[in-house]
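Written out below as C-alpha cells is the structure these notes cover.
2 protein chains.
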Amino acid sequence: MRRKVTLKQIARELDVSISTVSKALRHSKEISEDTREKVQAFAKLYHYRPNNIALSLKNRKTKTIGIIIPEIVHHFFSKVIRGIELVANKRGYNVIVGLSNEAFDKEVINMEMLANGSIDGFILSISKQTLLQQDYHHFNETINQGMPIVMFDRVVNEINCDKVIVDDLNGSKRAVEKLLSNGCKNIAIITTKDYVSVGRLRTQGYLEALEEHKIYSKSSLILKIDVELDSEDHLDDLEKEIEQFFKNNRNIDGIFAVNELYAITAMKVARKFGNQIPDDIQVIGFTDGVLSKHATPSLTTVSQHAQDMGEKAADLLINRLELDIDQEEGEEEEEEHYQTVIIETELIERDSTKAL
Amino acid sequence: MRRKVTLKQIARELDVSISTVSKALRHSKEISEDTREKVQAFAKLYHYRPNNIALSLKNRKTKTIGIIIPEIVHHFFSKVIRGIELVANKRGYNVIVGLSNEAFDKEVINMEMLANGSIDGFILSISKQTLLQQDYHHFNETINQGMPIVMFDRVVNEINCDKVIVDDLNGSKRAVEKLLSNGCKNIAIITTKDYVSVGRLRTQGYLEALEEHKIYSKSSLILKIDVELDSEDHLDDLEKEIEQFFKNNRNIDGIFAVNELYAITAMKVARKFGNQIPDDIQVIGFTDGVLSKHATPSLTTVSQHAQDMGEKAADLLINRLELDIDQEEGEEEEEEHYQTVIIETELIERDSTKAL
DNA sequence: ATTATTTGCGCAAACGTTTTCGTGTTGAAA
DNA sequence: TTTCAACACGAAAACGTTTGCGCAAATAAT
C-alpha cells in the first residue's frame, strides 16, 4: 500500500525543491527542459495527482456544490440531482448531497455542516417544515457569508437569490383547461395545504382556469391534503380521505391532482366506486414520474422537466461562482442581479384522459 | 457581506496569538479562564466555525464518503443513498455523489476525481459496462492507495473489499417456490443477460427452485433481456420482446421477473393477451419500488431492503475508517479481514399472486 | 532571599499546494 | 576583464487549523 505521492516526496527523490517540482509539472518555462521531463516522468510513474484538499485551501474554493433536498427517494428530486450532477461534472464540479427529510432542524444542521468551507455554493429545495415555520434565517446567513444559493421548485420570495421554478400556475391551468375542453363539468382538485407553495400555485391555476371559463369553483370540490399523509406510510389514510371526498361528491367527472400519488390514489378510489377511466372520470396529475407512465391506465400528467431544472440551477450557480472570481472583491458587488428562471411545463397525454 | 471569520482574525482583534485562540476554543486548561471566556464570547458573537478544509488537510481525513452509483433516478439506488446518508450523518460524515451512468469511463473519472483527497472512502455499485468489460484496475488502484471501498449489490469477486449484497439467489428461489406452491406449472423468468451478476444469481435461484421440485427447466421459458432496453427510452422494444416471448409460450401460468420494470411490462403484455392476473397468470417481481406498490394489480415482489443495504455499507466503511485510525500505521495491517454482508430478502405478497 | 513549581501564553511546525521574489551561475556584450 | 541579461532554481509566504514545546512571569516552597 503505497500512499499517495506528494510534491515533497518527488522533490526529495529527485533532489530538487518543491517549487521546482510544482513548476515543472505545470509546464513552467522557468524550469529547464531537462528537469521538466525528469519530474514529469517521475510524476507519471508514481501517478502523482495534486491533493484536492490542499488546492481547496489554497484557492479558497472547493469546486464542490452542496445540494440540500427534502427527500431523495423521489422521482422528481433524483431527476433534479441527475441534472445538477450532469452539468456540475461537465464544468469540473463535484456534488455533495444533504437530506433534510422535510425537517427544519436537519436542513439547518446540514447547511451549517457544509457551509464551513466544504462547498462553494448551495442548490436547495426548502423543506415543508421550514415553509410551515417560515424561518429562513439560515438562508440569509449563508448568503451573507458570501455563499451563493440557488433555490429550485420550493422557493420563497423572502430570500434574495437565484431561483429555478416550474410554471406551476400555467401548468395547472392548462391541465384543467384540457379537462374542460374534454367535456368535464365537475372538476375536482386534490391538492396540498396552502403553505406548500407549489400546492398553492397549482390550486390557483385550477381556480383561474375555471374562472376564465366562467365556472364557479366549489369549495366542496377542493380537497386539501395534509402533507403528513404524503409519506408512503400513510397510504391508507390518504386513500380513506379521498374516498370520503368521493362520497361527498358523486358527480365528479374530472380530477386534477397536484402530484402523482394523489392522482394514482384517486384513480384507484374512482375505480372502487365503479367509475371507468377515462370514460366516466378523467384524471390529470402533476410530475411526470414512473408511476404516471406505468399506471393502468397510464396517467396524463404535467411534466416538470425536472432534469432541466437541475441543469439550469447548476448553471446559474456555477455562473455566479465563476463570475465572482473575475470581479473578486469588487466590493460594491454591483447591485446583485438575481434571476428567477421559469421552466415551462408540458402536458403529456396518456390514457387517463379521452383522446378526442 | 462579512466573510467567514478565522482564528487569525479573532487573534488579531483580541491581541493574542492564534494558538491561544485555538486552545481557548477547545477549552484547553492551558489558557486562563479569563482569556477563554473572552475568546469564546467573541467567537460566538461572530459565529466562528472552524474551516473544514483546513481541518481536512491537517487531519488528513475529510469525514466525507464518496458514493459512485450507475444511476440515481432509480428507486433502489436512491433508497440506498438514503440509508448511507442516514448513518453517515449520524456518525459525522458527509456524502458526495458521483454517477457513472452505467459507463466505465465515467466511473473511472469520477473515482479519480474524488480519490485525490476529497474523500476518505468509497461506497459503490459497479456499472454495467464495467461488469461487461471486466476491467477492475481502478478499484484495485484505489484500494492500494489505502482508500477503502465498500461495494454493494453489484459486486465482483475479483476485488478484495467489504461487500453488501442482497441474497439474490435465495430471494429468487423463494419467489419461484411461492409460484410453485401456488400451483403454477409453467413458470417463465424474465431476466438480464448473465454478465449482470444480480441477473445471473436470480436466474440461478429460479433454476434451483425448479430443480428441487423436480421440474425440468425449459430454455424457451427463460428470456434474457439485453440491458440496453432497460432505459425508459426503450420501453416499446422491451414490450415487443416480451410480447414475442408470450407468443412463443402460450402456456405460461407464472412469471418471475428480476426487476419491477420487467414485471410490470409482463403484466401489461399478459393482459393484452387476454390473461387475468392473478387468475390466469401469477407474477412476482424483484425490487420493492413504487411501481410494485401502485401497480394494478399491485405486484408481489421480493424486497431487497435497499435502505438497510445503504446503512450497512456506511457502517462497514466508517468502521474501517475509524479502525484505521487506532492502529494507524500498524504497518503490517494484520491480514485484511474483509466481510461480505448478506441482506436477507423478503417476499411481499400483494395482488399479482393468489392468496391461498 | 533563593530556588522550585505552576500558570499563561506564543512560536513554530505540519498538512500539500501555488506563486512571488530572490539569488547564484552562466554566457555574451562592452 | 568587467557588466549585464538570461537562465534555472530555491526560499518563503499563504490558505486555516492543531499541538508540542519553550519561556517568561507569577506563585509557592525552602
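These protein sequences, in sequence, are chains S and B.
So the first sequence is residues 11 to 366, counted in the working numbering.
So the second sequence is residues 11 to 366, counted in the working numbering.
All C-beta atoms, glycine included, are put in the ideal place defined by N, C-alpha and C.
So what's residue i in DSSP terms, helix, strand or just coil?
i                 : result
GLU356 of chain B : strand
GLY340 of chain S : Only weak support exists for where GLY340 of chain S lies, its pLDDT of 46 falling under 50; the value from the coordinates is given anyway. In the structure shown, GLY340 of chain S sits in coil (DSSP, three-state: anything other than H, G, I, E or B).
ALA365 of chain S : coil
ARG13 of chain B  : coil
PHE132 of chain B : strand
THR350 of chain B : strand
SER29 of chain S  : helix
ALA219 of chain S : helix
ASP325 of chain S : helix
ALA79 of chain S  : Residue 79 of chain S is actually Ile in this sequence, not Ala. Strand at ILE79 of chain S.
GLY156 of chain S : coil
ASP318 of chain B : helix
GLU168 of chain S : coil
LYS39 of chain B  : coil
ARG212 of chain B : helix
ARG59 of chain B  : coil
VAL206 of chain S : coil
HIS85 of chain S  : helix
ILE225 of chain B : coil
What are the boundary residues of the alpha helix (DSSP H) that residue i is part of?
i                 : result
SER191 of chain B : 178 to 191
MET123 of chain S : 114 to 125
VAL49 of chain B  : 43 to 55
VAL300 of chain B : 300 to 304
ASP246 of chain S : 245 to 258
ASN111 of chain S : First-last for ASN111 of chain S: undefined, no H or E at that position.
LYS138 of chain B : 138 to 143
Grab the span of the beta strand (DSSP E) containing residue i for me, first residue to last.
i                 : result
ASN269 of chain S : Counting along the chain, ASN269 of chain S falls outside any beta strand (DSSP E), and DSSP gives it neither H nor E.
THR310 of chain B : 310 to 313
PHE283 of chain B : Where PHE283 of chain B is concerned, there is no enclosing beta strand (DSSP E), given that its DSSP letter is neither H nor E.
GLN292 of chain S : 292 to 296
Look up residue i in the DSSP assignment and give the residues it is bridged to.
i                 : result
ASN104 of chain B : B:THR74
ILE234 of chain B : In the sequence under discussion, the amino acid at residue 234 of chain B is Lys, which differs from the Ile named in the question. Answer is B:THR201, bridged to LYS234 of chain B.
PHE162 of chain S : S:VAL174
GLY264 of chain S : S:ILE197, S:GLN292
Throw me the rounded Cβ distance for the residue i and residue j pair, which I believe falls under 8 Å.
i                 : j                 : result
ASP263 of chain S : ILE287 of chain S : At roughly 11 Å, the Cβ-Cβ gap does not stay under 8 Å, so ASP263 of chain S and ILE287 of chain S are not in contact.
LEU24 of chain S  : GLY76 of chain S  : Incorrect: roughly 39 Å between the Cβ atoms, too far for contact.
ILE136 of chain S : VAL165 of chain S : 7 Å
ILE252 of chain B : VAL293 of chain B : The Cβ separation is near 12 Å, so there is no contact.
LEU309 of chain S : ILE274 of chain S : 7 Å
LEU141 of chain B : MET161 of chain B : Not quite, the Cβ-Cβ distance comes to about 12 Å (not below 8 Å), so this is no contact.
ILE200 of chain S : ILE235 of chain S : 7 Å
SER324 of chain S : VAL97 of chain S  : Residue identity differs from the one stated: residue 324 of chain S is Ala in this sequence, not Ser. Sure, about 4 Å apart at Cβ, within 8 Å.
Interfacial residues, the stretch 49 to 67 of chain S to chain B, with Cβ spacing under 8 Å: Within the stretch 49 to 67 of chain S, those residues whose Cβ lies closer than 8 Å to any Cβ of chain B are, in chain order, HIS57, ARG59, PRO60, ASN61, ASN62, ILE63, ALA64, SER66, LEU67.
Can you give me, in chain order, the residues of the stretch 87 to 117 of chain S that have a beta carbon less than 7 Å from any beta carbon in chain B? Here the close residues are SER88, LYS89, ILE91, ARG92, GLU95, ASN104, VAL105, ILE106, VAL107, LEU109.
Which of the residues in the stretch 308 to 332 of chain S, read from start to end, lie with their CB under 7 Å from any CB of chain B? Contact annotation: in the stretch 308 to 332 of chain S, no residue has its CB less than 7 Å from a CB in chain B.
Residues of the stretch 138 to 160 of chain S with a CB closer than 7 Å to any CB of chain B: list them in chain order, please. Listed by position, the residues of the stretch 138 to 160 of chain S near chain B (Cβ gap below 7 Å) are ASN154, GLN155, GLY156.
Selection of the stretch 278 to 303 of chain B by Cβ proximity to chain S, strictly under 7 Å: From the stretch 278 to 303 of chain B, only VAL300, LEU301 have a Cβ closer than 7 Å to chain S.
According to a CB-to-CB cut-off of less than 9 Å, which residues of the stretch 13 to 32 of chain B neighbour chain S? Taking 9 Å as the Cβ-Cβ cut-off against chain S, the residues of the stretch 13 to 32 of chain B that qualify are ARG13, LYS14.
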